Amino acid sequence: MNFRALALSSVIALTPAAALADWQIDPSHTAVVFEVEHFGYSDVTGVFPKVQAEIENFDPENLESAKFTVTLDATAITTFWEARDEHIKGSDFLDVSEYPEITFVATEITETGDNTADITGDLTIKDVTKPVTFEATVNKIGESPVMQGTNVAGFTLNGEVDRTEFGVDAYAPAIGAVIPVTINVELMNKD
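Heads up: the sequence shown is residues -21 to -1, 1 to 170, going by mature numbering (1 follows the signal peptide of the UniProt record, and there is no 0).
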């Protein structure tokens, strides 16, 4: 069963209207997590907890037609250490006073396996835009066990971002330049 068929069979089991309904991101179950190597001694984990998305044409019958734009609130970044967070928000790194948002605009979705796909898009950090590809896995699509009449689609995306390509090059390569990124996202709709 391919990515599309898995998602489709899950949604059809719910209701035919689910494929046509408006899907919205569930911000309470969505986060962007990353790790940065610290001088080879350890990896520092960070999170962008505030994620918004505009989603169009999400149809499990035709995943390639989906269009979406994801916006991260760069001012909300946390590495669980306030002094480090303030440094990352400053001009050495993200310069959030000038560039408060990071965006990803999907440009292509390509099935790669039974429940996987590559999602390529334009990532903008600060004032630099470059193409980036994430490997996506569909975790589950079904009716919420808590909210009757609400359908949920859960995905995990993995990829890498070379921060130096976006002008975020302070202390590289001593502090990791290539950053592994994991995105856990839930979409939901109501019949």
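Beta carbons: idealized from backbone N, C-alpha and C, even for Gly. Bear in mind that the values here come from a model prediction, so they are computed numbers and not experimental data.
Check your understanding: Near Ile158, which residues of its chain fall below 8 Å by C-beta distance, leaving aside the five closest residues on each side in sequence?
Key -> Phe13, Glu14, Val15, Glu139, Val140, Asp141, Arg142
Practice item. Tell me whether Glu33 sits in a helix, a strand or coil according to DSSP, three-state version. Key: strand
**Study point:** Extent of the continuous alpha helix (DSSP H) to which His66 belongs
**Key:** 61 to 68
Check your understanding: Alpha carbon to alpha carbon, what distance is there between Phe18 and Ile154?
Key -> 5 Å
Review point. Should Trp60 go down as buried or exposed, given a rule of 16 or more other Cβ atoms within 10 Å for buried?
Key: exposed
Practice item. Reducing DSSP to helix, strand and coil, say where Ser7 ends up. Key: helix
Review point. Nearest-angstrom Cα distance between Thr58 and Thr103?
Key: 21 Å
**Study point:** Unbroken beta strand (DSSP E) run spanning Val49, endpoints
**Key:** 46 to 52
Review point. Which term fits Gly25, buried or exposed, when burial requires 16 or more other beta carbons within 10 angstroms of its beta carbon?
Key: buried
Exercise for review: Would you decide whether Asp38 is buried or exposed? Buried here means 16 or more other CB atoms lie within 10 Å of its CB.
Suggested key: buried
Review point. Would DSSP call Ala115 helix, strand or coil?
Key: strand
Practice item. Have a look at the DSSP bridge pairing and note the partners of Met167. Key: Gln3, Val131
Check your understanding: CA-CA distance, Ser7 and Tyr150?
Key -> 33 Å
Exercise for review: Rounded to whole angstroms, what's the CA-CA distance from Glu114 to Asp101? Just pull it up for me.
Suggested key: 15 Å
**Study point:** the segment 73 to 82 in contact with the segment 123 to 136 per 3-pair CB rule at 8 Å
**Key:** no
Check your understanding: Among the residues of its own chain, which have a CB less than 6 Å from the CB of Val23, if the five just before and after it don't count?
Key -> Val15, His17, Thr58
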